[in-house]
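Q: For the sequence shown, the working numbering assigns the number 41 to the initial residue and increments by one for each residue that follows.
Where is the CB? At the ideal position from N, CA and C, for every residue including glycine.
Pasting in a structure now, in structure tokens, and then I'll have a few things to ask.
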Amino acid sequence: MKRLLSFAAAVLGMFAAFSCQEKEEILTLTSTTYTVSNAGSVQTISFNASTDWTMVSEAEWISLDKTSGIAGPATVTMTVAANTDYADRSAKVVLTMADKITEFKVNQTELKGFGTSASLEIDAKEQDVTVGVKSNVEYTVTVDEDAKDWIEVVKTKAAPTEGTIVLHVSANTGLAPRTGKFTIAADGTSQDYQIIQSAEYIPASEASALYLRNRQRVYDNANWEFTGFGQFAIILKTEENEEIRLVVNNARRDGDYNELGIGSALIDGSYEVDATATNADKTFSIKTTDGHELYYTTILAGEKEISVIDGEINISTAEDGTVTITAILVDAAEALHRYSYQGKIEVVDASYGGNAESPAFYNTYNTYYTTKANEWDVQIYISEDGKKPEEYVRYASIHFFGPAGETDGKEIPEGKYTLAELAADATSSYLNGITIANPMTMSLSVYTDDNNEAFPDYSKGGYITVSRNDNGTYNFEFDVTLKGMGYNDMWELVETGTVIEYKKTLKDVYVPESYVANVPCPDGDFVASSVFSSKYIGMWYGDAMGNGGNSFVFGFSGGAINNNYELYLGLNVSGDWTFEKNFAGKYCTTPIPAGRYEFSAEGAVNSIIPVKYGTMVYCYVKNYYTGTQMNICGGYIDIAADKFTYNLQLKAGDKVYTMTGSHPAELYYVRDYSSRAKNLKLYTVE
């Protein structure tokens, strides 16, 4: 955008005022002219009037202290203002007495020298600047040496006259405004003038940065994982009190970020908008439609937030640590906003944080026969990857038991939740019983990595304090002692000896609105429906039964069936099924053959088989609401390409229930556990 500039001539010269004491002269009205200098003058006019009189000046630069009087002696003080123009001037003063009119002329000399504007402000574009000049002497124009590379005199009229100077100014592609001088000289005198050209970018006067690592975890539907990435939030502030937040993403690299020195400084590169909202490498994050990000690229101007939808951010670091940042941001109205910064930036490690996924509200759930405490189940993903090993926590699964009473369950109640080990109700008729959980208590499971967990040390107590911020986010203050746990070769959890004194506060955690996960569902016959995909990572054990088959364990977890049940199955499949690695060599996506699989207690091929690994049973249906686990004891399943159909018998104590129905499903994404095949055993359904 090019601004049109016009430069009015500045008035140069000194206003001089002279009192009547400096020069006083009696004028006779028979004189027809009077000449004064350009500095101005104060004169006294005396006369005898035969009648009443009036006196008028036809010019604003001539003023009279009296404009009328009566017959007799009279005195009028005439003030002539200084002439700041470069041409002489004249005007008349008229005295009227009755029918007699007397005129005299006042002539004033011109200002000597030249004149133009003293300071010109222009935009960053390449342009010709025209400067108006008034002069009655010959003059020369020269550009200061420091500005000759971007200011050039292309036209000047130096003769004594009213004219113009034309200066060609190149575009300012730098990051800051610049000032250049030119000089007009004549008759041994000179005057300096300046051109101030703004930069294409608005410079930031302050800058700071936060290292977030993967504090904002984003679920990737393509591989059923949370994306891992390094993330920085850069905060720029301008003199106009604008705050620009730039949130840039970097893909996870081999090794730990902190060990590589990443996180202590920004990562150079060019970043484009993250259109997919997956926080991909070399992108910058924008606010997504659900708006759950705590950090995203935006422009804050006072109380107004300007949403960014596109653009480019460039970061480069010099050897001395000076960081140069340019940001071209496009808002929703497709207007461009350009910002820059040059200087040192200290990066603060703010990687410790959290993000909650799909909190569930169970109402009174397992406590509805006892304390009637309302239950919330929340999983909080925590970024502690770069911390000390004894403090490393991947995510925490928390059951909050809030106050009893009616509630819609959308928000987690604030307050202090004491760590309490759940107890079984001895009067319960269900196998696993109804747990006793008092209001304002909580239970906790902590996972340190893919194969290890940490359980609370209930003997030492502990608590989590929940508070809710005005913007809807939460703070979770942890003060618990955790015991490290790991799986042995029999897939049994054993203590590792690690003790974690976990005293951390997660601030500004976004927690989506809780959904109602369960409604009362008694045990008994039921129809299966509503599962959309297998989220449980299946395991392949090779020929664990020794009959040429392929043994699998997989399931539908998380209350996926009717929002109330989870299912785990053991299958023995015939054929030349092979584990073909995919997903970076970690998993296999070869489908399990379609067909009907009858229950077989002996582990026959093409059958449902009751199996366990160590002490863990893998052939049951569990009622999420009551906690009842019903082992599969008969029946069959039909597997199609994208659908499961059930007709199963389920045993719970001395009762047998029936599970029928069908739902869409996919059986892919299994891990290779063939090296542990000897640990997978048949078990007898009791």
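Could you tell me whether the segment 637 to 650 touches the segment 706 to 726, using the rule of 3 or more Cβ pairs below 8 angstroms?
A: Taking 8 angstroms as the limit for Cβ pairs, the verdict is that the segment 706 to 726 does touch the segment 637 to 650.
Q: Could you tell me the alpha carbon to alpha carbon distance between Gly635 and Gly582, rounded to whole angstroms?
A: Computed Cα separation, rounded: 19 angstroms.
Q: Using only alpha-carbon positions, find the residue among Asp227, Ser159, Lys140 that is nearest to Val177.
A: Among Asp227, Ser159, Lys140, the Cα nearest to that of Val177 is on Asp227.
Q: So the candidates are Thr338, Asn612, Phe518, Lys174; which of them puts its Cα closest to the Cα of Ser643?
A: The sequence as given places Gly at residue 643; Ser does not occur at that position. Selected option, being the one with the closest Cα: Asn612.
Q: Start and end of the beta strand (DSSP E) containing Glu359?
A: Here Glu359 belongs to no beta strand (DSSP E), and DSSP marks it neither H nor E.
Q: Report all residues from its chain with a CB closer than 6 angstroms to the CB of Glu461; omit the five preceding and five following residues, and keep chain order.
A: So the qualifying residues of the chain are Tyr498.
Q: Straight-line CA distance for Asn289 to Gly383?
A: Approximately 21 angstroms, taken between the alpha carbons.
Q: Once the 5 residues before and after Lys621 are set aside, which same chain residues still bring their CB inside 7 angstroms of it?
A: Within the same chain, Lys621 has close Cβ partners Cys628.
Q: Considering Lys165, what are the terminal residues of the beta strand (DSSP E) in which it resides?
A: It is not in any beta strand (DSSP E) - Lys165 carries neither H nor E in the DSSP assignment.
Q: Report all residues from its chain with a CB closer than 6 angstroms to the CB of Asp678; omit the five preceding and five following residues, and keep chain order.
A: The answer, listed in chain order, is Arg636, Thr685.
Q: Starting from the Cα of Asn406, find the closest Cα among Leu215, Thr475, Val571 and give me that residue.
A: The shortest C-alpha separation from Asn406 is found at Thr475.
Q: In whole angstroms, what separates the C-alpha of Glu166 from that of Leu340?
A: Going by the C-alpha atoms only, they are around 30 angstroms apart.
Q: Among Thr149, Ala396, Tyr605, Glu98, which one has its Cα closest to the Cα of Met734?
A: Any question about residue 734 goes unanswered here, given that the chain covers just 41 to 726.
Q: Let me check understanding here. Comparing Cα to Cα, which of Tyr179, Val710, Gly615, Asp563 lies closest to Leu690?
A: Checked all of Tyr179, Val710, Gly615, Asp563; the closest Cα to Leu690 is Asp563.
Q: Answer yes if the segment 373 to 382 comes into contact with the segment 232 to 245, meaning at least three C-beta pairs across the two stretches below 8 angstroms, and no otherwise.
A: Because the criterion of three Cβ pairs below 8 angstroms is met, the segment 232 to 245 and the segment 373 to 382 touch.
Q: Mind checking whether Phe596 and Ala463 have CB atoms under 8 angstroms apart?
A: No, they are not a contact pair.
Q: Residues bridged to Tyr18 by DSSP?
A: Any property of residue 18 remains undetermined from this structure, which presents the chain solely from 41 to 726.
Q: Any idea which residues DSSP pairs Thr629 with across the strands?
A: According to DSSP, which records beta bridges pairwise, Thr629 is partnered with nothing at all.
Q: Taking the CB atoms as reference points, tell me whether Val696 and Cys659 lie closer together than 8 angstroms.
A: No.
Q: Which value, in whole angstroms, describes the spacing of the CA atoms of Ala436 and Gly449?
A: In a straight line, the C-alpha of Ala436 is about 20 angstroms away from that of Gly449.
Q: Report the rounded CA-to-CA distance for Thr94 versus Thr124, giving the unit in angstroms.
A: If you take the alpha carbons of Thr94 and Thr124, they lie about 30 angstroms apart.
Q: Roughly how many whole angstroms lie between the Cα atoms of Ala49 and Ser159?
A: At Ala49 the pLDDT is 31, less than 50, meaning the model places this residue with poor confidence; the figure from the coordinates comes in the next sentence. Taking the straight line from one Cα to the other gives about 11 angstroms.
Q: Can you tell me whether Thr338 is buried or exposed, with buried defined as 16 or more other CB within 10 angstroms of its CB?
A: Classification for Thr338: buried.
Q: Please report the distance separating the alpha-carbon of Thr488 from that of Glu541.
A: Whole-angstrom Cα-Cα distance: 14 angstroms.
Q: Say whether the segment 130 to 143 touches the segment 205 to 216, bearing in mind that this needs 3 or more beta-carbon pairs closer than 8 angstroms, one atom from each stretch.
A: Verdict: no, contact absent.
Q: With which residues is Leu160 paired in a DSSP beta bridge?
A: Partner(s): Ile235.
Q: Identify which residue in Ala444, Tyr335, Ser310 has its Cα closest to the Cα of Leu250.
A: Nearest option by C-alpha distance: Tyr335.
Q: Give the DSSP bridge partners of Asp371, in chain order.
A: Paired residue(s): Val348.
Q: Would you mind sorting Ile420 into buried or exposed? The rule is 16 or more other CB atoms within 10 Å of its CB.
A: By the 10 Å Cβ count, Ile420 comes out buried.
Q: Using the three-state DSSP reduction, which class does Ser90 fall into: helix, strand or coil?
A: In the structure shown, Ser90 sits in coil (DSSP, three-state: anything other than H, G, I, E or B).
Q: Between the beta-carbon of Lys221 and the beta-carbon of Ala187, is there less than 8 angstroms?
A: Yes, they are a contact pair.
Q: Rounded to the nearest angstrom, what separates Pro443 and Glu532 at their Cα positions?
A: The straight-line gap from Cα to Cα measures roughly 36 angstroms.
Q: DSSP three-state call for Lys695: helix, strand or coil?
A: Lys695: strand per DSSP, three-state reduction.
Q: Between the alpha carbons of Asn147 and Ser77, how many angstroms are there, rounded?
A: So the alpha carbons of these two residues sit roughly 8 angstroms apart.
Q: If you follow the beta strand (DSSP E) that Ile307 is part of, which residue opens it and which one closes it?
A: No beta strand (DSSP E) contains Ile307, which DSSP labels as neither H nor E.
Q: Can you tell me whether Glu333 is buried or exposed, with buried defined as 16 or more other CB within 10 angstroms of its CB?
A: Its Cβ being crowded by 16 or more others within 10 Å, Glu333 is buried.
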